[in-house]
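Below is one structure; the comments refer to it alone.
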Amino acid sequence: MDASEVAKHNTKDSCWVVIHGTAWDVTDFLEDHPGGVKLILRHAGGDATEAYESIHNPDLITETLPPARCLGAVDLSSVVVKGSDEPKQPKPAYPSLGAMINVEDFEKVAEKYLTATGWAYYSSGAEDELSIQESRRVFRKLSLRPRILRDVDNISTVTDILGIPSSLPIYISPTGSAKFAHPEAEPLIVSAAGKEGIIYCMPTSPSASLEAIFGARVEKSQPLFFQLYVNRDKEKAKATIRRAVYLGAKAIFITVDSPVIGKRERDERLTAGDDPFVASTGVAKTGSAGLLNAGLTWKDLVWIRETTSVPLVIKGIQSVEDAVMAYQHGVDGIILSNHGGRSQDTAQTPMITLLEIRKYAPQLLSRNGKKFQVFLDGGIRRGTDVIKALALGATAVGIGRPVLYSMTAGYGENGIRRLIQILRAELETNMAMVGAARLEDLVPEMVNSERAERGVSLRVKL
13 MDASEVAKHN
23 TKDSCWVVIH
33 GTAWDVTDFL
43 EDHPGGVKLI
53 LRHAGGDATE
63 AYESIHNPDL
73 ITETLPPARC
83 LGAVDLSSVV
93 VKGSDEPKQP
103 KPAYPSLGAM
113 INVEDFEKVA
123 EKYLTATGWA
133 YYSSGAEDEL
143 SIQESRRVFR
153 KLSLRPRILR
163 DVDNISTVTD
173 ILGIPSSLPI
183 YISPTGSAKF
193 AHPEAEPLIV
203 SAAGKEGIIY
213 CMPTSPSASL
223 EAIFGARVEK
233 SQPLFFQLYV
243 NRDKEKAKAT
253 IRRAVYLGAK
263 AIFITVDSPV
273 IGKRERDERL
283 TAGDDPFVAS
293 TGVAKTGSAG
303 LLNAGLTWKD
313 LVWIRETTSV
323 PLVIKGIQSV
333 EDAVMAYQHG
343 VDGIILSNHG
353 GRSQDTAQTP
363 MITLLEIRKY
373 APQLLSRNGK
383 KFQVFLDGGI
393 RRGTDVIKAL
403 ALGATAVGIG
413 RPVLYSMTAG
423 YGENGIRRLI
433 QILRAELETN
443 MAMVGAARLE
453 DLVPEMVNSE
463 RAERGVSLRV
473 KL
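Numbers 13 to 474, taken from the numbering used here, label the letters of the sequence shown in order.
Structure, rendered in structure tokens:
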């Protein structure tokens, strides 16, 4: 096929792109694209290989689109590369890993290293970004109440996450587009997590193949979790679950806090000037994104449970009412999360949801041998943040953005390990300071939460 023919199909009514020398008709997929319509239209009628490879694993397009959408090979000598509008700037020298003293240091480096697109994608939140800001700020409203003259000579941070030992009460949350941070992406995260003895939950659509990700384990017994966006096609969703479990996933995290794509304005501004009619249509309005299922309900948990025997965790609980419903539906755990502030702006923070549960349904936080576990993600930047969450009832916390930031500037796997080691050291130090030798010693009385509790709803009805 000649490139001139591909170039004719450069609108939302007829959109062709070239990837790895093959032309694809993606017209019907535009509104199914999780990243939105405009990202594809920027490359319409031209070669999108570079942009595609910067985010996705090579096999994703053949796994996603039907064979009929493959139009055949294209003469690459005449293909126009479109959408590469970010100039390639020489990368400056970055601080050594030894100079990284806290989690925020990695974020500062990442902002300088990443492209404008990459930084906006990682750091942005929905609309006015109030939720993402408050998720960090709420931890400052919690004060520790240290207890003295306790034996803290030997500190232990070992815990159990869904029946699996972990060296820390911290797991790595699933995040998209890891290739923005490092070309090797998720396999590096797997290796770093294995060497540090913690668990990684991989995303539904990683930048590398599932086989490459599972193949990066430091040993075959290394546990990994799998995030599930429940596809609208039930059979496809079942196949995804079975494949992940077959490869070795030890738990499924069902993401429910993003039934449609949030309005992330910093992302949108990068494509300002594109077709103005595209911005008001498609996934953000209709909820038709391919990996997202706006029709998902509690009833779907039945067939998901029938599909696998591994633990099921609902990711995205934002109210005590839904926490109770999740418990009643027999899942193994919940993650208090507002999708990193990327979906619903002004949604309450995970910490406020935890305090809500403490007030109205404390039985969900019992540690007396119950299998039900409560996790929290969003805003964790310090060892003291971890301590506050655990003392108030969380089993463990998830970190997402910091892991991506720690991979940038060529830090790669060593950067991730350095990040984990920083949090480990902060956690151990502050456990000793607060008077807790073991995680079980962290109790609610060690946290003054009165200022934060003012944000807990008084209108809850269970």
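No residue lacks a Cβ here, since even glycine has one placed at the ideal position from N, Cα and C.
- Of G390, V386, S349, the smallest CA-CA separation from L404 is found for V386.
- Only buried fits R393, as 16 or more other CB atoms lie within 10 angstroms of its CB.
- Around the beta carbon of D87, fewer than 16 other beta carbons lie within 10 angstroms, which makes this residue exposed.
- Contact annotation, I31 with I73: C-beta distance approximately 6 Å; criterion of less than 8 Å satisfied.
- Contact check for L304 against I273 passes: the beta carbons are separated by less than 9 Å.
- In the DSSP assignment, A105 is bridged to no other residue.
- Across the set L200, V322, A224, the C-alpha of V322 shows the shortest separation from the C-alpha of V257.
- L200 is positioned such that its CB atom lies no closer than 9 Å to that of L435.
- The three-state secondary structure of P177, taken from DSSP, is strand.
- With contact defined as three or more Cβ pairs closer than 8 Å, the segment 148 to 160 and the segment 369 to 380 are not in contact.
- Around the beta carbon of A35, a 10 Å sphere encloses 16 or more other beta carbons of the protein chains shown; the residue is thus reported as buried.
- DSSP places V150 in the helix class (H, G or I) of the three-state scheme.
- Counting only runs that start and end inside the segment 229 to 272, the beta strand (DSSP E) elements of at least 3 residues fall at 236 to 240, 261 to 267.
- CA-to-CA, the gap between A80 and L42 works out to about 16 Å.
- For S418, DSSP records no beta bridge to any residue.
- Taken through DSSP and simplified to helix, strand or coil, W131 comes out as helix.
- The beta carbon of I428 sits closer than 7 Å to the beta carbons of L200, I201, A204, V415, S418, M419 from its chain, once the five residues preceding and following it are set aside; these are given in chain order.
- DSSP lists F387 as the beta-bridge partner residues of A408.
- Sequence-distant Cβ neighbours of E198 in its own chain, meaning closer than 7 Å and more than five residues away, are A190, M214, P218, S219, A220, I225.
- Straight across, the Cα-Cα distance linking D117 with A421 is about 12 Å.
- Straight-line measurement puts the Cα of A85 at about 52 Å from the Cα of F384.
- L474: not part of any beta strand (DSSP E); DSSP gives it neither H nor E.
- Bridge partners of Y183 according to DSSP: I211, G410.
- Scanning D172, G395, I346 for the CA closest to the CA of A444 turns up G395.
- When only Cα atoms are considered, L454 and E438 end up about 15 Å apart.
- Taking C-alpha positions only, A306 is separated from V314 by approximately 17 Å.
- DSSP places W315 within a helical segment (H, G or I) once states are collapsed to three.
- Among the bridge pairs identified by DSSP, V459 is matched with L156.
- Around the beta carbon of G33, a 10 Å sphere encloses fewer than 16 other beta carbons of the protein chains shown; the residue is thus reported as exposed.
- The three-state reading of DSSP puts L377 in helix, counting H, G and I together.
- Restricting attention to G57, D357, P107, the CA atom closest to the CA of S136 is found in D357.
- Straight through space, the alpha carbons of G390 and D140 are spaced by roughly 17 Å.
- A Cβ-Cβ distance of about 16 Å is found for the pair I210 and F238, leaving them out of contact under the 8 Å criterion.
- Residues E208 of the same chain have their beta carbon placed closer than 6 Å to that of I432, with the five preceding and five following residues left out of the count.
- G188 has no beta-bridge partner at all, per DSSP.
- In the DSSP assignment, D172 forms a beta bridge with P177.
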